Amino acid sequence: MDNLDLARWQFAITTVYHFLFVPITIGMSAVVAGFHTAFIRTRGEHWDRLAQFFSKLFLINFALGLVTGIVQEFQFGMNWSSYSRFVGDIFGAPLAFEALLAFFLESTFLGLWIFGRGRMPEKLHAATIWIVHIGTVLSAYFILAANSFMQHPVGYRYNPETRRAELTDFVAVLFNKVQLVTFPHVIFAAYMAGGAMVLAVALWHWRRRQGLAELSESDESAGATSVLASRGGLRDREMYRRAARVGAIVTLVAGLGVVVSGDLQGKVMTEVQPMKMAAAEALYETAEPAPFSIFTVGTLDGSKPLASVEIPGLLSFLGTGSFSGRVQGINDLKKQYAETYAGNPLTADAGGYVPNIPLSYWTFRLMIGVGLLSMALAAWSLWITRHPNHLGTSRRERAWWHWLIIATPLLPVVGCSFGWIFTEVGRQPWLVFGQMTTATGVSPSVASWEVLLSMTVYTVLYAALAVIEVSLFLKYAKAGAQPVAQPDDHSDEDSTLAFAY
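Take the sequence shown: its letter number 201 is residue 201 in the UniProt record's numbering, and every next letter is one higher.
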């Protein structure tokens, strides 16, 4: 492989890895803030315990997301210097806002929330975690504004002398039509991921304490019952059931938001990136109306379908809002793009302006399928937690518990990854749609072995970080919600700050 292929692989590996943490961070920050607010409003000790418990998991995830995110910006200079030079005037503003406003908002108020317990008024202390959540949302907004420019460039002019894109309207970049549908879609997906993580952890503890309760009821020894009660098995069942139901509701409601925003996003995508929509369906010939295939078997190179199960008119509705709408096919778009872009060295493409069809096709469907399955699991979780003492006793139902607890937190995160892979692969061969191809954006002076070396180092490092992340997460998740430790009397203003969570 040449340096272009290696640079693309490295960016794909590091980006997908980093994005495993991003939606969980955004979603869990909202749920933790909700638990903390519930404690302030109701004075229920269980809400305080849940806030402190899930904040540990949130902080572990936040730290790993921060470390892995730094590499993303380094890569622009390492492997994509031509691209950085072309788009630097545009990207500078939103990335600066992300770092100087959103990230410092997150880090500053996260520190106040961690160390401020008992040192500031309760309501003000609770407000700090909400500001942290707002910071994560703003961070996503500015990053997505930069990415949306790549999908649909606006608010700029091309300078032929410097061969660079120059920013002319920052507001247009921030309110790009692609941005306005992508941002809510990503945020709702993040809420799904955060809610599902809370749901899975709470379900595991609820089921575990259900088992302890059953054992205590069947054991006639008062001593054994006392031991079980001291472990919190009888006391904490309702707390974890409530947490599980909160997680399930967040996942289900956010899933509905993903469906609605995804529908809007599909229509905008068809307008500004018709090739991506055609690739999502492997639609080679323009159709009016256009069907949507649930399942297709095609040739190995993805050039033509061999067998397909289709829903008539559904792709037309997804792309145009009408079941009889016209959707352009890949072959017509290839001719159109060749006539429009082939004469410019920055936009010429030897591959015919067609993305990887099999990968676009299947990631689009896997994204949708995984999201719907996540919603179904959340609805099922609401059903099985409807009664405080419900627990399946059959072997089959108990086996389903294991699969439910494992699948629930993974599916939304995997769905987010499939969504990003589709978004970026479907844009190919463009780095900036209509302005710069991927092949022209790679660093010309970086050798293949240098890219391979850095990719190997990052992959090994990320693998080690994955082991650390999973180990810490499981350790603190299994520990459960501990009794609330009351803050010390901080009458001495010079007393040392203590880690409260």
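Just so you know, even glycine gets a beta-carbon here, dropped at the ideal spot from N, CA and C. None of the values given here were measured: they were computed from a predicted structure.
Candidates the options, of which the one nearest residue i by Cα
i	options	result
Ser322	Asp263, Pro355 and Asn344	Asp263
Ala350	Phe295, Asn147 and Thr438	Thr438
Leu472	Leu20, Ile60, Asn3 and Pro23	Ile60
Thr385	Met239, Ala282 and Val413	Met239
Val370	Ala279, Val246, Ala193 and Tyr341	Ala193
Ala466	Ser55, Ile311, Ala63 and Phe11	Ala63
Phe109	Phe97, Gly118, Leu124 and Glu98	Leu124
Phe11	Met78, Gly266 and Ser29	Met78
Pro345	Leu20, Arg163, Pro483 and Gly44	Arg163
Ala278	Lys335, Val354, Val259 and Arg241	Val354
Ser82	Ala7, Gln179 and Leu474	Ala7
Trp9	Phe183, Val201, Phe292 and Ser448	Ser448
Ala146	Phe188, Pro121, Ile90 and Gly118	Ile90
Leu314	Leu283, Ala348 and Val246	Leu283
Pro409	Lys478, Ala254, Glu161 and Val198	Val198
Ser381	Phe53, Trp403 and Ala338	Trp403
Phe53	Phe115, Ala202 and Ser454	Ala202
Val259	Asp2, Ala477 and Leu372	Leu372
Gly329	Ala254, Ala280 and Lys56	Ala280
Val178	Val154, Ala200 and Phe170	Val154
Ile357	Ala244, Ala338, Asn331 and Tyr337	Asn331
Tyr341	Ala172, Arg241, Gly434 and Pro312	Gly434
Arg365	Tyr337, Leu95, Phe292 and Thr286	Phe292
Same chain, Cβ closer than 6 Å to residue i, five either side skipped, listed in chain order
i	result
Leu138	Ala102
Gly480	His205
Gly135	Ala102, Leu105 and Glu106
Met436	Phe86 and Leu346
Ala93	Phe170
Leu452	Leu6
Arg157	Glu166 and Thr168
Inter-residue Cα distance where the pair is residue i and residue j
i	j	result
Ala379	Val181	26 Å
Leu66	Trp430	28 Å
Thr440	Gly343	14 Å
Cys416	Leu359	15 Å
Trp401	Gly319	38 Å
Leu461	Glu106	25 Å
Glu450	Ser84	19 Å
Ile406	Asn159	52 Å
Glu220	Arg208	For Glu220, the predicted model reports a pLDDT of 45, less than 50, meaning its position is unreliable; a value from the coordinates is still stated below. For Glu220 and Arg208, the distance between alpha carbons rounds to 20 Å.
Gly27	Trp420	17 Å
Phe58	Met120	22 Å
Val246	Trp383	13 Å
Phe149	Val432	7 Å
Thr363	Phe418	5 Å
Ala464	Leu256	36 Å
Arg49	Lys56	11 Å
residue 502	Glu166	Because the chain here runs from 1 to 501, residue 502 falls outside it and cannot be looked at.
Pro312	Gly88	44 Å
Gly111	Glu339	55 Å
Val470	Ala477	10 Å
Exposed unless 16 or more other CB atoms sit within 10 angstroms - verdict on residue i
i	result
Tyr17	buried
Ile143	buried
Gln75	buried
Val425	buried
Tyr428	The question names Tyr, yet the displayed sequence has Gln at residue 428. So Gln428 ends up on the buried side.
Trp113	buried
Val268	buried
Ile294	exposed
Glu98	buried
His387	exposed
Ile468	exposed
Ser454	buried
Gln482	exposed
Asp2	exposed
Leu377	buried
Same chain only: Cβ atoms within 8 Å of residue i, ignoring 5 sequence neighbours per side
i	result
Thr393	Because the pLDDT at Thr393 is just 49, under 50, the model does not fix this residue reliably, and the point stays unresolved.
Trp47	Phe35, His36, Ala38 and Phe39
Thr14	Thr68, Val71, Gln72, Gln75, Tyr458 and Tyr462
Gly325	Glu288, Pro289, Ala290, Ser316, Phe317 and Gly319
Whole-number beta carbon distance between residue j and residue i, since they are thought to touch under 8 Å
i	j	result
Ala196	Thr270	About 30 Å; that fails the 8 Å criterion.
Phe422	Met367	6 Å
His185	Gln273	In fact, because the Cβ distance is near 15 Å, the residues do not count as touching under 8 Å.
Phe188	Ser261	6 Å
Ser29	His133	4 Å
Ser443	Trp80	6 Å
heavy atom of the ligand ZN below 8 Å from residue i C-beta
i	result
Pro409	What this structure holds is no ligand at all, so the ligand ZN is not there to describe.
Contact set for residue i: own chain, Cβ-Cβ below 7 Å, skip 5 residues either direction
i	result
Tyr141	Phe183
Val413	Leu20, Pro23, Ile24 and Ala193
Ala33	Ile129, Trp130 and His133
Tyr191	Gly27, Ala30, Val250 and Ala254
Cβ of residue i within 9 Å of any chain C Cβ
i	result
Gln10	Judged by its chain identifiers, the structure shown contains no chain C, having just a single protein chain.
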